[in-house]
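Notes follow once the structure below has been shown.
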């Protein structure tokens with residue numbers, strides 16, 4: 001970007017340099033936290049309908065343990081599944097992000113009247129509140145169905161953290177586009193813009209989600225911090 005500016009014989013502004021540096025950090029480093037979350041190798045046991053364990057086994061090498069209704073007190077329609085916590089810690093926030101985006105869009109169209117922030121004119125306070133509600137409801141529903149993360153308070157906190165991070169990431173990407181004078185980050189996806197327009201909510205979320213689980217396991221599950229570091233090269237940290 002700076003080379004193009006120099007070729008056009010324009011003066012390089014400090015804001016352009018900071019945007020470039022932050023863009024490298026934003027697109028290059030922040031998504032790595034999703035890898036860290038997925039790599040958490042702590043086993044976790046959840047309760048699922050009997051037809052779902054095969055689906056979960058496609059994403060984890062951990063064995064599946066079915067408990068009979070007579071010995072475990074669980075209906076024959078359900079199965080206890082032991083999976084990597086990393087898979088659950090990744091899958092649930094993604095569901096919360098999808099719910100937050102969907103509820104925010106629908107709520108904004110139906111009830112939106114108050115602008116949220118100038119850098120993103122289409123976002124409204126009412127839509128944001130609906131997005132927050134949707135994220136929390138999905139986390140509570142998942143906790144009620146599977147028993148993960150194990151308490152309603154943890155589910156509410158996860159839903160709130162995920163929504164906050166997702167909308168913050170969305171607004172950051174909007175500010176970057178405004179600085180560049182663009183409406184969309186690209187035209188890779190017809191009708192939707194570029195890849196950043198679709199995944200902006202996920203990029204920043206991985207950071208807060210990672211540290212949420214980091215301290216959740218430490219304070220609630222009694223796990224030490226060391227096992228939470230994924231088995232990937234140390235220079236990534």
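In the working numbering, the protein residues as written are 1 to 237.
C-beta: ideal position from N, C-alpha, C; glycine also.
Just to confirm, are residue i and residue j a CB contact at a threshold of 9 Å?
i	j	result
residue 162	residue 128	no
residue 47	residue 79	yes
residue 85	residue 41	yes
residue 149	residue 95	no
residue 315	residue 34	Here the chain comprises residues numbered 1 to 237, so residue 315 is not present and cannot be evaluated.
residue 202	residue 97	yes
residue 204	residue 174	no
residue 116	residue 164	no
residue 112	residue 126	yes
residue 241	residue 88	For residue 241 there is no data in the structure shown, the boundaries of the chain being 1 and 237.
When burial is assigned at 16 or more other CB atoms within 10 Å of the CB, is residue i buried or exposed?
i	result
residue 20	exposed
residue 212	buried
residue 25	exposed
residue 219	exposed
residue 151	exposed
residue 222	exposed
residue 145	exposed
residue 263	Residue 263 lies beyond the stretch modelled for the chain, which goes from 1 to 237, so this question has no answer here.
residue 90	buried
Going by the DSSP bridge assignment, what does residue i pair with across the sheet?
i	result
residue 84	43
residue 124	115
residue 164	Residue 164 pairs with nothing; no bridge assigned.
residue 48	79
Could you tell me whether any Cβ in chain C is nearer than 9 Å to the Cβ of residue i?
i	result
residue 216	No chain C is part of this structure, which consists of one protein chain only.
Locate the alpha helix (DSSP H) running through residue i, then write down its first and last residues.
i	result
residue 34	32-38
residue 25	That residue, residue 25, is in no alpha helix (DSSP H); it is neither H nor E in DSSP.
residue 217	205-219
How do the segment 99-116 and the segment 129-138 stand: do at least 3 beta-carbon pairs fall below 8 Å, yes or no? yes
Quick check: the segment 115-128 against the segment 140-149, are at least 3 beta-carbon pairs closer than 8 Å? no
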